[in-house]
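Here's the structure we're looking at; comments come further down.
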Ligand SMILES: [Zn+2]
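Numbering (this note's numbering), first residue to last: -2 to 148.
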């Protein structure tokens, strides 16, 4: 049976995604990097892919990985270049926002290509959407981790 993989971090470039993947692998987690730039360009008429480098892990390891990433990020900023939700701090981000609304995705892709609707980032965890142009600074605590996550 295929293992269900879940996105734990989203990046705009390959290098930090690979670095995180390697650290997770060293920690004994079967992490992988998925490059979605081809999919974005093909189906959503995106000329400049964003949030397309996804680090994925088996779903059963999700909690452990989130704890590890929090620890590493506090120590040396492993998620410094990650795309993160300005509202909840999650790095489980989709771009463009309509990419997972299957069925209508192609239609929205055409509208976006015609600049009739803006492309936005979309947080899978809290469903927040925000525009690609103005990066919103997350509300971070002293450890560079969003306050909402410091439980
Ligand atoms: Zn969120």
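Heads up, the beta-carbon is just placed ideally off N, CA and C, and yes, glycines get one too.
Because the structure is a prediction, the values reported are computed rather than measured.
Beta-bridge partners assigned by DSSP to residue 79: 8. Taking the Cβ of residue 84 as the reference point, at least one heavy atom of ligand 1 falls within a distance shorter than 8 angstroms. Looking from the CA of residue 28, the closest CA among 45, 9, 94 and 1 belongs to 1.
In the DSSP assignment, residue 126 falls within the beta strand (DSSP E) that extends over 126 to 128. Excluding the 5 residues flanking it on each side, residue 22 has same chain C-beta neighbours closer than 8 angstroms at 28, in chain order.
For residue 62, the enclosing alpha helix (DSSP H) covers residues 59 to 73. Counting only the Cα atoms, residue 57 lies some 23 angstroms from residue 80. When DSSP reads this structure, residue 38 sits in no beta bridge, so it has no partner.
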